[in-house]
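Asker: Handing you a structure now.
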Amino acid sequence: MEMRAIDDTCMARDVTPPLPPIAAALHDHLLRSHCSSCLRPLNLPHPLPHSACSAAVSYCSASCSAADLPLHVSSGECSLLRSRPLSAPTTDARVSLRLLLHLRRSSPARIGGLWSNREAMKEEEEVWGRVEEGVALMMSIADRRVSTEEEAEAAMCVVVTNAVEVQFGTGPGPVGIALYGPGFSWFNHSCSPNACYRFVPAWPGPVDPDSFRVSPAGEESALKAWICDENRLYDGFCRYGPRIVVRSIKPIRKGEEVCVGYLDLLQPKQQTWGKNGSSLGTLT
1 MEMRAIDDTC MARDVTPPLP PIAAALHDHL LRSHCSSCLR PLNLPHPLPH
51 SACSAAVSYC SASCSAADLP LHVSSGECSL LRSRPLSAPT TDARVSLRLL
101 LHLRRSSPAR IGGLWSNREA MKEEEEVWGR VEEGVALMMS IADRRVSTEE
151 EAEAAMCVVV TNAVEVQFGT GPGPVGIALY GPGFSWFNHS CSPNACYRFV
201 PAWPGPVDPD SFRVSPAGEE SALKAWICDE NRLYDGFCRY GPRIVVRSIK
251 PIRKGEEVCV GYLDLLQPKQ QTWGKNGSSL GTLT
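With UniProt numbering as the guide, the letters of the sequence shown map in order to residues 1 to 284.
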């Protein structure tokens, strides 16, 4: 799949609206210091904890708690955090659980229009070990919502293939990972990109699909997933997690493929590195 410009686009123009994630999660070491809904630092003297979770999952506001807590519990994430080995990383597995909660009826090969890349991953020992570790964690939950290992494996492959690391402003590093639908994940990566991406805080409300300045090109079955994804944008995939915006970094002609890079080349070098230097996500 690929994304192409639907009109001539000048430099430094947003080509997508702020897109909500399908699923997002904090990195394990930030669960006590950041809000598990918006992924921002906890600035309140008394954040709102979820007492049933031994990892002390907390929220910065009542609205963040209301947006995320039902997903935290019903996805099985809470049970996973209570039962996990202390040394086991859980971020991939937790995003996979949230993904399955949203997209339970999708095909294992292409969940929500996102390619799993499973066969290629099996040839990479380190990457496949990461997938297997996440599957084992998901299947270890006593009251798990995952039906089969195949379902867990498919979700993990989608997350490892498509999720990007989230970083805000000039923070010290990525705070977590987020998985976005075809509206973002179908942008290909290029060593000579004509677009970049940035994260903005979450807010309630739908996205206007008419604000897209790109459209997908590719196989028919995947395009159907795009239509489904676009329709769901009217209501928003979810009410939590950072939104992502793609913008041009050079003029783009109508019909030209739009490819993303990992750095915002329009910013000064120091600010660019501080903002994006360690937020290198995985896009295929």
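From the three backbone atoms N, C-alpha and C, an ideal C-beta is built for every residue, glycine too. Remember, it's a predicted structure, so these values are computed and weren't measured experimentally.
Nearest-angstrom Cα distance between residue 249 and residue 93?
Answerer: Looking at the two C-alpha atoms, the distance is approximately 34 Å.
Asker: Pull up the distance between the alpha-carbon of residue 41 and that of residue 33, whole angstroms please.
Answerer: Taking the straight line from one Cα to the other gives about 6 Å.
Asker: List the endpoints of the continuous alpha helix (DSSP H) containing residue 196.
Answerer: Element bounds for residue 196: not the alpha helix (DSSP H) but the beta strand (DSSP E), 195-200.
Asker: Give the single residue among 103, 177, 192, 167 whose Cα lies nearest to the Cα of residue 152.
Answerer: Of the listed residues, the one whose Cα sits closest to residue 152 is 103.
Asker: Nearest CA to the CA of residue 89: which residue from 246, 164, 20, 133?
Answerer: For the residues 246, 164, 20, 133, the minimum Cα distance to residue 89 belongs to 133.
Asker: With a threshold of 16 other CB atoms inside 10 Å of the CB of residue 200, please say whether the residue is buried or exposed.
Answerer: Looking at its Cβ environment, which holds fewer than 16 other Cβ atoms inside 10 Å, residue 200 is exposed.
Asker: To which residues does DSSP link residue 30 through a beta bridge?
Answerer: None, per the DSSP bridge assignment.
Asker: DSSP state of residue 207, grouped into three classes?
Answerer: Of the three classes helix, strand and coil, the one that applies to residue 207 here is coil, per DSSP.
Asker: Quick one: Cα of residue 183 to Cα of residue 192, how far?
Answerer: Their backbone Cα atoms lie some 21 Å apart in a straight line.
Asker: With distances taken from CA atoms, which of 57, 142, 129 is nearest residue 29?
Answerer: Nearest option by C-alpha distance: 57.
Asker: Using C-beta distances below 8 Å, list every residue in its chain close to residue 91, excluding the 5 sequence neighbours before and after it, in chain order.
Answerer: Counting only Cβ-Cβ distances below 8 Å, and skipping sequence neighbours, we find 25, 26, 27, 28, 176, 177.
Asker: Pairing CB atoms from the stretch 58-67 with CB atoms from the stretch 206-215, are three or more of them under 8 Å?
Answerer: Touching, no, given that fewer than three Cβ pairs across the two stretches are closer than 8 Å.
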